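Just below is one structure, and these are the notes that go with it.
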Amino acid sequence: MSGTPIQYRDGRWVVPDTPIIPFIEGDGTGPDIWRASRRVFDAAVRKTSGGKRAVEWREVVAGEKAFKATGNWLPEETLDVIRAHRVAIKGPLTTPVGGGIRSLNVALRQLLDLYACVRPVRWFKGVPAPVKEPGKLNVMIYRENIEDVYAGIEFQAESKEANDLIARLEALGKKVRAGSAIGIKPMSRFGSQRLVVKAIRYAIDAGRPSVTLVHKGNIMKFTEGAFRDWGYEVAKTQFGDRTITEADAAGGTGGGGRVIIKDRIADSMFQQLLLRPAEYSVLATPNLNGDYLSDACAAQVGGLGLAPGGNVGDGYAVYEATHGTAPKYAGLDKINPGSVILSGAMMFEELGWSEVSRAIVAGIEGAIAAGRVTYDLARQMPGATEVSTSTFADAIIEHLA
Ligand code: NAP
580 MSGTPIQYRD
590 GRWVVPDTPI
600 IPFIEGDGTG
610 PDIWRASRRV
620 FDAAVRKTSG
630 GKRAVEWREV
640 VAGEKAFKAT
650 GNWLPEETLD
660 VIRAHRVAIK
670 GPLTTPVGGG
680 IRSLNVALRQ
690 LLDLYACVRP
700 VRWFKGVPAP
710 VKEPGKLNVM
720 IYRENIEDVY
730 AGIEFQAESK
740 EANDLIARLE
750 ALGKKVRAGS
760 AIGIKPMSRF
770 GSQRLVVKAI
780 RYAIDAGRPS
790 VTLVHKGNIM
800 KFTEGAFRDW
810 GYEVAKTQFG
820 DRTITEADAA
830 GGTGGGGRVI
840 IKDRIADSMF
850 QQLLLRPAEY
860 SVLATPNLNG
870 DYLSDACAAQ
880 VGGLGLAPGG
890 NVGDGYAVYE
900 ATHGTAPKYA
910 GLDKINPGSV
920 ILSGAMMFEE
930 LGWSEVSRAI
940 VAGIEGAIAA
950 GRVTYDLARQ
960 MPGATEVSTS
970 TFADAIIEHL
980 A
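Going by this note's numbering, the sequence shown wraps up at 980, each residue one higher than the last.
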């Protein structure tokens, strides 16, 4: 079967039976993980469609592999192919040290305007976790992906630019210690609201009970505080009949089937997720809060080896491992491929192939329940058998629903 590109029309994906999906296998342990993941994806698509559907995977390069082949960490051709095919999946990439691109992942998100970083965090039965009841945490995190301190506007201490800005700030009546480094935190109504819209739309479509805006608006009133205000504003203007604020819901008869919009200050949110996880469902956060929160939540349910992620814009999406390249395990067929495999499940869900996504999740659940897991899980699961990356993929394939 020869493939056809996925299209995006009127806000919807148009997915052929044989979509072409570009992949970046990634550096370090990336090739081990990608080999295993691809087998799982192909088996799940074949099984759920009775052989009617198949993905044509098209390799594009980035990271070390690209640098060795082309002298460029992120070749323009890679971006062109992803743009043309709209949806891609990637393994972890080495961050180049010094000069040029500060992070390939950040560059990809900014160049393709993938403004929402989406991370589902849930517990898989049997996975060792540091809390007593990890199953109570089941959140979908929507993190703004482009703005905030990640916009990359920073000036070195004592540089001309930093000194000029300090002088300018002083003229505006703000005192900054001489010789300081300066970082800028831009946050816009446009950028914040399109993220919150995506989170609310997901909550409505998936029947989730609430969206919590997580901010540090008590301190940063005009950035983080505005994120909260813009969030409530867009909930009202765009989803007035489908949402209700927490305050209104408490004063009346509860949500009444509408999505409850609430907000929490970021530091308190870390406590809330540990102490009252069941009260949270969808989280919408500015960039930095979401970065911290995603990893903390992943740790709470058993670690990064099983934490998937997607970077989604309007008509473009790149799914990715949330962990790094773990270079010391490269080529050893040892590492847990779960993060890329579950990122693939997210991708198929987004494309409307929900049955593929469900099959993959059931496969992971089955492999874990059978106690056939990679070293990272096996070392904490009494009675489990440690298996290689590829054998873990075999176990997942055996348990595809
Ligand atoms: P890392 O690659 O995530 O690895 C740190 C440790 O986390 C590993 O030694 C391993 O712990 C555990 N780990 C990571 N992935 C795992 C998996 N799939 N299964 C089981 N355990 C896993 O972090 P790093 O060493 O700080 O970063 C290495 C490189 O990756 C750097 O160049 C960094 O910039 C880059 N990076 C890329 C991404 C990305 O592409 N999304 C994200 C983060 C970092 P044990 O040693 O305890 O087994």
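For each residue, glycine too, the CB sits at the ideal point set by N, CA and C. Quick caveat: nothing in here was measured; it's all calculated off a predicted structure.
Beta-carbon proximity check, Leu862 vs Leu853, cutoff 8 Å: Numbered from 1 along the sequence shown, position 283 holds the residue referred to as residue 862. Numbered from 1 along the sequence shown, position 274 holds the residue referred to as residue 853. Using a Cβ distance threshold of 8 Å, Leu862 and Leu853 do not count as a contacting pair.
Bridge partners - Thr824, DSSP secondary structure assignment: Sequence index remark: in the sequence shown, residue 824 carries index 245 (1-based). For Thr824, which the question treats as bridged, DSSP gives the partners Ile840.
Contacting residues, own chain, Cβ-Cβ under 8 Å from Glu749 (five flanking each side not counted): Start at 1 with the first residue of the sequence shown, and residue 749 comes out as number 170. Counting only Cβ-Cβ distances below 8 Å, and skipping sequence neighbours, we find Val755.
Residue closest to Ala946, alpha-carbon to alpha-carbon, out of Ala972, Gln772 and Gly931: One-based indexing of the sequence shown puts residue 946 at position 367. For Ala946, the nearest C-alpha among the options comes from Ala972.
For Leu691 and Val919, believed in contact at Cβ under 8 Å, the rounded distance: Residue 919 sits at position 340 when you count from the first residue of the sequence shown. Residue 691 sits at position 112 when you count from the first residue of the sequence shown. Rounded, the Cβ-Cβ distance is 19 Å, inconsistent with contact.
Of the residues Tyr895, Gly590, Arg618 and Glu899, the one placed nearest Gly889, counting alpha carbons only: Your numbering for residue 889 matches position 310 in the sequence shown. Of the candidates Tyr895, Gly590, Arg618 and Glu899, the one whose C-alpha sits nearest the C-alpha of Gly889 is Glu899.
Segments of 4+ residues assigned as alpha helix (DSSP H) that fall wholly inside the region 713 to 786: 739 to 750 and 768 to 785
Supposed close pair Ala686, Asn724 - CB separation, criterion 8 Å: Here residue 686 corresponds to residue number 107 of the sequence shown, with the count starting at 1. Here residue 724 corresponds to residue number 145 of the sequence shown, with the count starting at 1. About 12 Å separates the beta carbons of Ala686 and Asn724, which is beyond the 8 Å limit, so they are not a contact pair.
Any non-hydrogen atom of the ligand NAP closer than 7 Å to Ser918 Cβ: Numbered from 1 along the sequence shown, position 339 holds the residue referred to as residue 918. Within the cutoff, so yes.
Segment contact, 8 Å Cβ cut-off, at least three pairs: the region 917 to 933 with the region 713 to 724: no
Asp874: CB within 7 Å of a non-hydrogen atom of the ligand NAP: Position 295 of the sequence shown, counting from 1, holds the residue named residue 874. Outside the cutoff, so no.
Cβ shell of Ala941 (< 8 Å), same chain only, five flanking positions each side left out: Taking the first residue of the sequence shown as 1, we reach residue 941 at position 362. Close CB contacts of Ala941 within its chain, under the 8 Å cut and outside five residues either way in sequence, are with His978, Leu979 and Ala980 (chain order).
Bridge partners - Gln586, DSSP secondary structure assignment: Here residue 586 corresponds to residue number 7 of the sequence shown, with the count starting at 1. According to DSSP, Gln586 bridges with Val593.
Pro671 beta carbon near the ligand NAP (any heavy atom closer than 7 Å): The residue labelled residue 671 in the question sits at position 92 within the sequence shown. Yes, Cβ of Pro671 sits closer than 7 Å to a heavy atom of the ligand NAP.
DSSP-derived helix/strand/coil call for Tyr694: Within the sequence shown, residue 694 is the residue found at index 115, counting from 1. Here Tyr694 sits in coil by DSSP.
Per DSSP, cross-strand counterpart(s) of Tyr898: Here the question's residue 898 lines up with position 319 in the sequence shown. Bridge partners of Tyr898: Ile668 and Gly889.
Run of the beta strand (DSSP E) containing Trp636, from where it starts to where it stops: Numbered from its first residue, the sequence shown carries residue 636 at position 57. Start and end: Glu635 to Glu638.
Distance CB(Pro865)-CB(Ala924) smaller than 8 Å: Within the sequence shown, numbered from 1, the residue matching residue 865 stands at position 286. Within the sequence shown, numbered from 1, the residue matching residue 924 stands at position 345. No Cβ-Cβ contact shorter than 8 Å links Pro865 with Ala924.
Minimum C-alpha distance to Gly762 - residue among Ser738, Ala782, Arg698 and Ser936: Position 183 of the sequence shown, counted from the start, is the residue given in the question as residue 762. The option with the nearest alpha carbon to Gly762 is Ser738.
Neighbourhood of Val988 by C-beta distance below 7 Å, restricted to the same chain and skipping five residues each side: This structure cannot settle anything about residue 988, because the visible part of the chain is limited to 580 through 980.
The ligand NAP heavy atom lying under 7 Å from the CB of Pro887: By one-based count along the sequence shown, residue 887 stands at place 308. False, no ligand heavy atom lies under 7 Å from that Cβ.
Three-state class that DSSP yields for Gly632 in the structure shown: Working through the sequence shown from its first residue, we reach residue 632 at position 53. Note that residue 632 corresponds to Arg in the displayed sequence, not to Gly. In the structure shown, the three-state DSSP call for Arg632 is coil.
Inter-residue spacing [alpha-carbon to alpha-carbon] between Ile823 and Arg837: For the purposes of this step, residue 823 is taken as residue 244 along the sequence shown, with counting starting at 1. For the purposes of this step, residue 837 is taken as residue 258 along the sequence shown, with counting starting at 1. Straight-line Cα distance between these residues: approximately 6 Å.
C-alpha gap between Arg588 and Ile661, whole angstroms: Your numbering for residue 588 matches position 9 in the sequence shown. Your numbering for residue 661 matches position 82 in the sequence shown. Cα to Cα, the separation comes out at about 17 Å.
Supposed close pair Thr953, Glu934 - CB separation, criterion 8 Å: To locate residue 953, count along the sequence shown from 1; it is residue 374. To locate residue 934, count along the sequence shown from 1; it is residue 355. No, Thr953 and Glu934 are not in contact; Cβ-Cβ is about 26 Å, not under 8 Å.
Residues that Phe602 bridges to, as DSSP identifies them: On the sequence shown, position 23 is the one that residue 602 refers to. The beta-bridge partner set that DSSP reports for Phe602 consists of Glu638 and Ile668.
Closest residue to Pro671 among Asp659, Glu643, Arg591 and Ile599 (Cα-Cα distance): Stepping through the sequence shown from its first residue, residue 671 is reached at position 92. Ranking the options by Cα distance to Pro671, first place goes to Glu643.
CB of Gly607 within 8 Å of CB of Pro906, strictly: Within the sequence shown, the letter at position 28 stands for residue 607. Within the sequence shown, the letter at position 327 stands for residue 906. Yes, the Cβ-Cβ distance between Gly607 and Pro906 is below 8 Å.
Residue range of the unbroken beta strand (DSSP E) whose run includes Val793: The residue you call residue 793 lines up with position 214 of the sequence shown. Val793 -> beta strand (DSSP E) spans Ser789 to His794.
8 Å Cβ cutoff met for Leu653 and Leu683: Stepping through the sequence shown from its first residue, residue 653 is reached at position 74. Stepping through the sequence shown from its first residue, residue 683 is reached at position 104. Closer than 8 Å, so yes.
Reference Met719, options Arg698, Gly731 and Arg617, closest by Cα: For the purposes of this step, residue 719 is taken as residue 140 along the sequence shown, with counting starting at 1. Ranking the options by Cα distance to Met719, first place goes to Arg698.
Exposure of Asn868, with buried meaning 16 or more beta-carbon neighbours within 10 Å: Taking the first residue of the sequence shown as position 1, residue 868 is located at position 289. When all chains shown are included, Asn868 counts as buried.
Cross-strand partners of Thr968 (DSSP beta bridge): To locate residue 968, count along the sequence shown from 1; it is residue 389. The partner list for Thr968 (beta bridge, DSSP) is empty, contrary to what the question assumes.
Limits of the unbroken beta strand (DSSP E) element including Ala857: Counting from one through the sequence shown, the residue named residue 857 turns up at place 278. Per DSSP, Ala857 belongs to no beta strand (DSSP E) and is neither H nor E.
Any non-hydrogen atom of the ligand NAP within 7 Å of Asn915 CB: Along the sequence shown, read from residue 1 onward, the residue named residue 915 stands at position 336. Indeed, a heavy atom of the ligand NAP lies less than 7 Å from the Cβ.
C-alpha gap between Ala648 and Ile603, whole angstroms: Translated into the one-based positions of the sequence shown, residue 648 becomes position 69. Translated into the one-based positions of the sequence shown, residue 603 becomes position 24. Distance between the alpha carbons of Ala648 and Ile603 is about 14 Å.
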